[in-house]
Structure formats: C-alpha cells, structure tokens
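For reference, the structure discussed in these notes is given below.
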Amino acid sequence: MVRLGRHPWNEALTSDLAPQHPGNAGPPLPALVGDVRRLNALADYDILDTAPEKGFDDIVVLARRLCNVPVALVSLVGSDRQWFKARSGFSSCETTLDKSVCAHALGEVDMLVIPDLTQDPRTNANPLVTGEPHLRFYAGAPLETAGGERLGSLCVIDVEPRLGGLSVEQAECLKALAGQVMSQMELRRAAGERERILAGQEILIGQQNALIATQAVVARAAGDRDAILDALVSGAMQAVPAAQGGVIELQQGDELVYRSGRGTLAAHVGMRLPLHGSLSGHVLTTGKAVLCPDVLLDHRVKRDVIAPLGMRSAIYVPVSRGGAPIGVLKLQSGEPDAFSGRDLRIARQFAGTVAAGLAEAGEAEARREVRTSEATLRAVLENLPVGIVIAEAPSGRIVGHNARVETILGHGVLPARPGEGPLRWSALREDGSEVAPSEWPLVQVTEGRAADVAMEVDYLRGDGTRSWVGFSAAPMHDADGRLTGGVVVVSDIDARKRFERQLAAAKLAAEEANRAKSEFLANMSHELRTPLSAVIGYSEMLQEEMEDLGQGDLLPDLRKIESNARHLLGLINDVLDLSKIEAERMEVYAEDFAVDAVVRDVAATVEALVAKKGNVLTLELGDDLGDAHTDVTKVRQCLINLLGNAAKFTEAGQVTLSAGREDRDGEASLVFRIADTGIGMSAEQQARLFERFTQADASTTRRFGGTGLGLSITRAFVDMLGGDISVESVEGAGTTFTVRMPALLAEGTSETSVVEPPAVATDGSSDVVLVVDDDPATRDLIARFLERDGFRVVTAVDGQAGLQAARTLHPRVILLDVTMPRMDGWSVLRTLRADPELGTTPIIMVTVLDEQNLAFALGATDYMQKPIEWGKLEATMARFRPAPCDSSVLIGGDDADARDRPPVLPGRQD
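Here numbering that gives the first Met the number 0 is used: position 97 in the sequence shown is 96, and no number is missing along the way.
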C-alpha cells in the first residue's frame, strides 16, 4: 500500500478527529447519513475498525491506476465519521464527517462526480478543499447492499480539477470495482455467519454427546456410586465449556463433603462445608437449582470459604436419589457472569441422569430408579434437537425413537427396515447415486458390518420434498460385549449444506475474479513495456551520439536513465510473468541442450553480479551431466534468479553453483544446488519465502530491495517443468536452494515444439526496409538505427498502411509489430505470406509479446522481443545489407528530425 509520509495532504486529513464545530459547519450532509436502517446494515457487516485485507487493497490499487489518480479509497460512512477499509496513496484510516465528500455520495442516484470541488456548494467549504491538501476532483461509486442501503463509496481523488470528469470506460470500471467491494463484504459476512452457526452446532452436538455418554456410563455403573458421580461431573463440565471446575458435594450429617472434583476443584476433594449458612446447603435443603452471577455479591456465600477456590460465578444443582436430595452438583468459574440460563438447564439434565445410577439395595427401589432413568432418557430424547432411532441386532428392527426423527424425515419410521416402503428411506448421495438398502448406517451397525457409520444424504421426505439429512449410527453392547442393537442420530443439516454450497459458489466467483485480474495484467504487457522500450532505446542512442559529439560528461546521467529503465522493465516483467502463470498463458518450449554448457553460460552471465559485493562464484559440475530435453530458457531463468538472490544477500562471501544428475525410479533427474554464505533465514522466514511480493521481513526489503516475486516465479517455473524446489538455511550462516527436475520433460506437460523459421529470401526487388509499428518512438528508434547502419527505411503507422506500403515498394525486409490498430501484425503476416509477389519477402517480427512459436508457424523469418537488443538487430540485418554500391537513402515516417538529421554510426562511412 502506498504511504504518503509527511505530506501536507496526510497531515491535513489526520490532524484531528474532533466533532465538527457549528461555527465552521458547511452545507448539511444528506439525511441518509443518520438513517437507522442504513447504519444497522453497516453494523451488520461488522467491518468497521477491522484489519486490512488483500482483496479490498487490490481493488483500490486497481481503481487508482485505472483512473490515473493519486488516491483511491473504500470509504464507509458511519454516524459520526468516515472510515476507510482500504486505501491507496493515503495513510489515514478515518476522518470526521465535516471533511467527508463521500457522505454526499449516499444521496446520489448514480455515481457522484464533482469535477471541481471549489465550485460545488456541497464541498466548497470543506476543510480539505479550502485548506491543505486543496482537493479539487472527486468521483465516487456507491457501495449499495442488495436491500438498497448505501454504506459508502469506492472513490478516487485528485488535487487537480477534471472538468471532463472520468471517461465512460473509467466510470464503468469504477462501478464494477464498487460491486466487487460489496462482493468482498458479503463474503466476509457469510463466512462469519457460517462460523457462528457451525460453532453453535458443535456446542450443541457436544452437549448431546456428553449427555448420552454420561447416561451410558451411569447405565453401565451397576450401582458404583463413585463411577456415577465422576461421570456426572466430567460430562457436565464437557457440556458447559464455561465451567473451570466442577464437584459433587454429598451430605454427611450437618456437612457437605467435596467428592469427585474436576478442574480447579480437583485439588479440594475432601473439603467440608456447613450445611446451614452456605449457598450449597441452601440448594440442598430447598431442592432448587441456583445460578449465581457473582458470588462476591451474594450474602449466602461465605467469603473465607470461597477465597482459596478462585470462584466468582457458579451453578448449583441438587442431586437426588429416590426423590430425596443427597447432594449438590457445583460448576464454577473464576470470571463473573460466566454462565447462562441454558447452562443451568444443561446442568440440571446431567444431574437428573444419575438418579437411577445411585440405587442402593432393594429390588423395588432398583425398579423405581430404572423407571425414573427411562423417563429421564425419554424426556431427554424428546427434547433433543436431533432425531434418535434405536434398533435391535441383528434384525435391524426399530424398537424406539423420538418424535423429532419423524419431523425431520417427514414420515413415520415404520416399517422397521430401510427400503421396505415406496416413499421411505429413499435418498441420494452427493454424486447423485441412490443409497442402497444395505448401505444405511442402521443396517450396517445392527448387522455388525461396521462399528460407527455416518452419512449425509439428499433425503426424499414423506411429503415429497427433498432435504439434506445426516445419519450417524453407533452399536450398543451388553455387559458381556455382545452386540444388542444400534443407535442412530438423525440431524437436519439442510440449512448447513445449502450454506456450504453458497460459500462454494462464492469461492468460485472470487477465484473467477482473481483469474480475470490475472488476465487483465497479462494483457497489459504492450501498454507497459512499449514506452519503457522507447526510453531504453533513446537512452542508448543518445549515449552513442554524446560520444560522437564529445559530450562525455552527460554519459553517466544517460547510463543512469538506461539502468533505471531496465530495472523498472525487469520489475514489470516479473509481475507480468506471474500474471501469465496465474492466467495459464505461460507455455513450455522443450528443446535439447547440453546441461554443462548451459550451466557455464549462466555462471558467466551472473559472474559480474556476484562479484559486485566482493563474492566469489564457484562451480561444482558433475562428470555425467549429459544432455536434457526441457525448457532451457526457464531452466536458465531459475538458476539466474537463485544466483541473483544469493548474490543480493551475501557480502564478501562465497556463492556455489553445483549441478549433478541422478536417477529416481529409473528416470534421470537434474539436481541444481545454489549455496551462499550470506545472512541466512529463520524457520519462520523460510515458511513464507515463496509467497508473492514477500521477502524475509520488512527490514530485508528496505535494505536489499526487490519485488519479492523472483522466488515465486522460480517455484512456478520449476513446477511447470515437473520439478520441485526446497530450501535449507541457518541465520547468519547462509542458505542453500535445491532444485530437482526431470531431465526429460514428462508427457502431459504443456509442451510446444519449436517451429523452425522459413529460409531467408533475399531476392526482393527493392533495397528499402519497411518498419511497421504504431508506436512513434519505436518507429523513430528503429529507423534511426537502420539508417545509420546503411539501410534505406520507410515506416508505416499501422497494419493496413504497412500492407499497402509493402505492395507498393516491394521492400527487401519488413520489420513488423503485432499489437496495432486497424489490422494487427498476425493478419499482416498471413496476408503477405499468401501474396504471390510478396510471399518470399523476409519478415522479422518485433513485439513485446512472447509468441515466437506462433510467429514461425505463420511464416515469420525471424523474431525479436522488445526492448530490442541493438547488437542482435545489427547481426540479424547484416544478412540483408544492401550491396556496397548502394549509397542513397530513402527516409519515410512522421518524425521530421529523423528525416532532416539522420545520425551516423561512429567509425562507419555510408
């Protein structure tokens, strides 16, 4: 994100956030600013004062560039301020409403565009218009919900007036980006809602499971009181997450004794409380449960007793046996107001499940306790939000169920076995296949074919509608471990499944938007690279002319211009390469090459870069490197990137490039290692090393520079070549990158065979070189270079003009651009190759595009990528040089200076 630093603009916007004073108040803001529905809609998104997010940040950067302005903001207008979720070119996160222009956008039918803020009565008194930074232009597209509430705007701002406002294309793009802002906000809200729903479901399911598990333990305890009490405390704490400690207090005479303690109360087992004069004693004697929000405010609590317990809030539930209270279940927390009424109800349910398990001697009492337990279980089953089905084994006959299961399924659960009714037990899986009768969880468990089975299906309800239902079955065993039946939990998951599908669709839409962004950047290569190519070309040309004129004092400045332009071009190329990879437009060109020669050539290329900081480059090459068949350009680029990275972070040290060949599962692989003795990295830095636009940390970026894309592109290239890259590093001791890739590109990899260019034809009837390019600077550079090299040059401004000139002049050679108006270079190339008279004319494609294979396939003689390497152009054109006797020069084009004063190459007499 762009930071303004100590700029008057920044200071003016952040000077104070005090409310507007009536004395200097401007025109009133729209009534919508204080509209309750609008403010409630804004609050519903829960977005104010949240951390920056990349999705929003990318949008304002794109809006700023599209509209060519210094500032772009995602502005949300609250009741007393405007807050910026994303900002580019601006560091403050909010302003008061008296400084807000976005507030006026709330009442507009469409976009708010103010060409000159000083001329609009709504803004001419705004402090940021009358004073620093003297805002002059504003355009804001509204951020509107599906219900029509205006929350703010996506705006662009300038300090210069724009009487023409935005172009139609810019306005449409700004509206589209505002829609993307709302899509991002909807995604945030949907994700948060899903998390809350899932969290609530998880808590509820956990409580249900804990209750069932506790009841199962109590049922199996066979009168073991300690086991029953322990299960009660454990299950209750599991079902009430706010509980930090739990204990059973049993009555002994006039006292209550701590038994079966868990959590913070485990260490206090055995402690005694007086029955009379304590809150626990009150609960036991009255038989009524109590929720105490703060024990320090309750007069029934003894302060000296609770002090060592660390208790601030608590739940007290009486535990009964045979209808008579025998003790108290207590859950406590060290925080006040930790429990809710729902927690109290859950604790009461748990306390109620142990009554049957506390049976003493006597068959009659045992039967009463069994019946009580059954009644409790029935009450629990009927009040559970899920359906319960109980079946016997091995027949699968249903012997019990609650009413909830019939509500979820929309029909009765009989006949007993799934598949026995035409409208019952019919469902489809996620893939649309039908569930067979033998596949239902109940059948699998009761037949002993599985222990625990879960299934989510699109169920055909009894009323003919379809709904998503979850089935989860578990076996039941007797005391001897024999299978006696199964329990199936039936859950209504329709809302969750539909929500998940909505999220999946939203995720797909976001991915499509990301791909569209990548396509956009990939298509920007011509617009970004062409002017930089002109800067580089003119700087090189001027350097030679300054040497000819003896003005050597200007050469250092010109070399700085060229160096910085090439650096900027490198940064742009990194971004565009990454965008082409994301847009799946990066191709792989496989060819045969000698590995040893390529590695040595790479070492020679980077040797000066490595030595720049006093480092020594060492080569360690295996004896059996041999040949390889893969994309040699990408292999070279990977090695150069890694060696450049090593040289950047190493000073007065050693950089080692080793290459070897090894066999993996019968396939030959190339292994490259680039080791340095530089600053190294921590484990945390290594974890995010290959992330885009990321270096080890902010200090590294400030000290060493760079975009943070080199390693990301390197990994992408290695992946494309079927290999992998890893890193080992120790802070202060250096780093080693290891790249492994197949020596033979595997089948199925995106591979394009190189098409050999057609043979050069030099029998043109004219000595003219025709240059066809829509960029004036490029035409001028190429024409001046060729003219001083002895060629006669004619230029054309587009494809149609070039085609007409070729038919008129029959040039010796044609230099042809691709991206041009009216008729692009590919169309010109196809037309020329189909022309009987011009079909053999040599055509050299000169373009920013990386489409060499396509050019050769269409019949190009040669291919050069901008920015032009003039040495390569000179060597290529030497094949078409006019005869020595040719001394006249024909100059065409729209540059008068180039026609009047053609430069002369030093040392050459033409």
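Using N, Cα and C, we set each Cβ at its ideal position, and we do this for glycine too. Because the structure is a prediction, the values reported are computed rather than measured.
Legend entry - Cα-Cα separation, A240 to A50: Position 241 of the sequence shown, counted from the first residue, corresponds to residue 240. Position 51 of the sequence shown, counted from the first residue, corresponds to residue 50. Rather than Ala, the amino acid found at residue 240 in this sequence is Pro. P240 and A50 have their alpha carbons spaced roughly 29 Å apart.
Legend entry - Beta-carbon proximity list for V812, same chain, < 6 Å, skipping 5 on both sides: As a position in the sequence shown, residue 812 is number 813, starting the count at 1. Excluding positions up to five away in sequence, the list reads V768, P841 and F879.
Inset, instruction - Assign G704 to buried or exposed, taking buried as 16 or more other Cβ atoms, counted over all protein chains shown, within 10 Å of its Cβ. - result: As a first step, residue 704 is located in the sequence shown; it is residue number 705 there, counting from the start. Any answer about G704 is weak, because its pLDDT of 48 lies below 50 and its placement is not dependable; what the coordinates show is given next. The C-beta of G704 has fewer than 16 other C-beta atoms within 10 Å across all chains shown, which makes the residue exposed.
Inset, instruction - Work out the CA separation of K301 and T263 for me, nearest whole Å. - result: Walking along the sequence shown from the start, residue 263 turns up at place 264. Walking along the sequence shown from the start, residue 301 turns up at place 302. Approximately 18 Å between the Cα atoms of the pair.
Inset, instruction - Tell me where the alpha helix (DSSP H) around D662 begins and ends. - result: Residue 662 sits at position 663 when you count from the first residue of the sequence shown. Note, D662: premise wrong, no alpha helix (DSSP H); beta strand (DSSP E) at Q653 to R663.
Inset, instruction - Below 6 Å CB to CB, which residues in the same chain sit around S490 once its five sequence neighbours on both sides are set aside? - result: Taking the sequence shown and counting its residues from 1, one reaches residue 490 at position 491. Once the five neighbours on either side are set aside, the close Cβ partners of S490 are V385 and G469.
Inset, instruction - Quick one: which unbroken beta strand (DSSP E) runs of 3-plus residues sit fully inside the region 111-159? Chain order, please. - result: Correct list: 111-113, 136-143 and 149-157.
Legend entry - Rounded separation between V486 and L72 - CA only: Counting from 1 along the sequence shown, the entry for residue 486 is found at position 487. Counting from 1 along the sequence shown, the entry for residue 72 is found at position 73. Linking V486 to L72 through their CA atoms gives a straight-line distance of about 57 Å.
Inset, instruction - Indicate the three-state DSSP secondary structure (helix, strand or coil) for S826 in the structure shown. - result: Numbered from its first residue, the sequence shown carries residue 826 at position 827. Correct three-state label for S826: helix.
Inset, instruction - Put R783 into one of helix, strand or coil per three-state DSSP. - result: For the purposes of this step, residue 783 is identified with residue 784 of the sequence shown, where counting begins at 1. Annotated three-state conformation of R783 is helix, per DSSP.
Legend entry - For Y537: DSSP bridge partner residues: As a working mapping, residue 537 is identified with position 538 in the sequence shown. Looking at the DSSP output, Y537 bridges to nothing.
Legend entry - Whole-angstrom distance between V847 and A854, CA atom to CA atom: Stepping through the sequence shown from its first residue, residue 854 is reached at position 855. Stepping through the sequence shown from its first residue, residue 847 is reached at position 848. Computed Cα separation, rounded: 13 Å.
Legend entry - Helix, strand or coil at G613 [DSSP, three-state]: Taking the sequence shown and counting its residues from 1, one reaches residue 613 at position 614. Assignment of G613 by DSSP, reduced to helix, strand and coil, places it in the coil class.
Legend entry - Where I196 falls: helix, strand or coil (DSSP): What you label residue 196 is simply residue 197 of the sequence shown in a count that begins at 1. I196 falls in the helix class under three-state DSSP.
Legend entry - Residue nearest to C637 in terms of C-alpha spacing, selected from K611, I712 and A646: If you number the sequence shown from 1, residue 637 lands on position 638. Taking the Cα of C637 as reference, the smallest distance to any Cα among K611, I712 and A646 is reached at I712.
Inset, instruction - Mind checking which residues open and close the beta strand (DSSP E) that includes K84? - result: By one-based count along the sequence shown, residue 84 stands at place 85. Where K84 is concerned, the enclosing beta strand (DSSP E) stretches over R80 to S87.
Inset, instruction - Would you tell me roughly how many angstroms separate the C-alpha atoms of A874 and W825, rounded to the nearest one? - result: Position 875 of the sequence shown, counting from 1, holds the residue named residue 874. Position 826 of the sequence shown, counting from 1, holds the residue named residue 825. Looking at the two C-alpha atoms, the distance is approximately 24 Å.
Legend entry - Pair within 8 Å by beta-carbon distance, P393 and T445: The residue labelled residue 393 in the question sits at position 394 within the sequence shown. The residue labelled residue 445 in the question sits at position 446 within the sequence shown. Yes, the Cβ-Cβ distance between P393 and T445 is below 8 Å.
Legend entry - the region 139-159 in contact with the region 97-111 per 3-pair CB rule at 8 Å: Counting Cβ pairs under 8 Å, three or more are found: they touch.
Legend entry - Identity of the residue in R377, E405 and I227 nearest D462 by Cα: Here residue 462 is taken as the residue at index 463 of the sequence shown, counted from 1. Checking every option, the nearest Cα to that of D462 belongs to E405.
Inset, instruction - State the CB to CB distance for the pair S78 and L38, rounded to an integer number of angstroms; the pair is presumed to be in contact (CB under 8 Å). - result: Sequence index remark: in the sequence shown, residue 78 carries index 79 (1-based). Sequence index remark: in the sequence shown, residue 38 carries index 39 (1-based). Separation of the CB atoms of S78 and L38 is rounded to 6 Å, and the pair is thereby assigned contact status at 8 Å.
Inset, instruction - Report yes or no: do the region 284-293 and the region 311-318 share at least 3 C-beta pairs separated by less than 8 Å? - result: These segments touch.
Legend entry - Three-state secondary structure assigned by DSSP to G625: On the sequence shown, position 626 is the one that residue 625 refers to. In the structure shown, G625 sits in coil (DSSP, three-state: anything other than H, G, I, E or B).
Legend entry - Residue range of the unbroken beta strand (DSSP E) whose run includes C291: Start at 1 with the first residue of the sequence shown, and residue 291 comes out as number 292. Taken as a continuous stretch (DSSP letters only), the beta strand (DSSP E) holding C291 covers V289 to C291.
Inset, instruction - Compare the C-beta of N123 against all C-beta atoms of chain D and say whether one is closer than 8 Å. - result: Included in the structure is just one protein chain, with no chain D present.
Inset, instruction - Can you have a look at Q803 and say buried or exposed, based on whether 16 or more other CB atoms are within 10 angstroms of its CB? - result: Here the question's residue 803 lines up with position 804 in the sequence shown. By the neighbour-count definition (other C-beta atoms within 10 Å, threshold 16), Q803 is an exposed residue.
Inset, instruction - Would you kindly check if the distance between the Cβ of L278 and the Cβ of R258 is under 8 Å? - result: As a position in the sequence shown, residue 258 is number 259, starting the count at 1. As a position in the sequence shown, residue 278 is number 279, starting the count at 1. Contact check for R258 against L278 fails: the beta carbons are separated by 8 Å or more.
Legend entry - Collapsed DSSP secondary structure at K301 in the structure displayed: If you number the sequence shown from 1, residue 301 lands on position 302. In this structure, K301 counts as coil in the three-state DSSP scheme.
Inset, instruction - Express the C-alpha separation of A505 and A140 in angstroms, rounding to a whole number. - result: Counting from 1 along the sequence shown, the entry for residue 140 is found at position 141. Counting from 1 along the sequence shown, the entry for residue 505 is found at position 506. Whole-angstrom Cα-Cα distance: 23 Å.
Inset, instruction - Write down every uninterrupted run of the beta strand (DSSP E) in the region 227-288 whose length is 3 residues or greater and which is fully enclosed by it, in chain order. - result: Fully enclosed beta strand (DSSP E) runs of 3 or longer: 244-251, 254-262 and 271-273.
Legend entry - Cβ-based neighbour list, H133, same chain, cut-off 7 Å, excluding 5 preceding and 5 following: The residue you call residue 133 lines up with position 134 of the sequence shown. Take H133, set aside five residues on each side of it, and the residues of its chain with a beta-carbon closer than 7 Å to its own are V158, in chain order.
Legend entry - DSSP-derived helix/strand/coil call for V597: For this step, residue 597 is matched to residue 598 along the sequence shown. The answer is helix: DSSP assigns V597 an H, G or I state.
Inset, instruction - Using three-state DSSP, classify P69 as helix, strand or coil. - result: On the sequence shown, position 70 is the one that residue 69 refers to. Here DSSP, grouped into helix, strand and coil, assigns P69 to coil.
Legend entry - Cα-Cα separation between V327 and K84, rounded to whole angstroms: Working through the sequence shown from its first residue, we reach residue 327 at position 328. Working through the sequence shown from its first residue, we reach residue 84 at position 85. Distance from the CA of V327 to the CA of K84, rounded to the nearest whole angstrom, comes to 52 Å.
Legend entry - Candidates E539, A742 and L541: closest to D626 by CA position: Residue mapping note: residue 626 aligns to position 627 of the sequence shown, counting from 1. The shortest C-alpha separation from D626 is found at A742.
Legend entry - Delimiting residues of the alpha helix (DSSP H) encompassing V670: Counted from its first residue, the sequence shown places residue 670 at position 671. Segment E666 to D675 is the beta strand (DSSP E) holding V670; no alpha helix (DSSP H) there.
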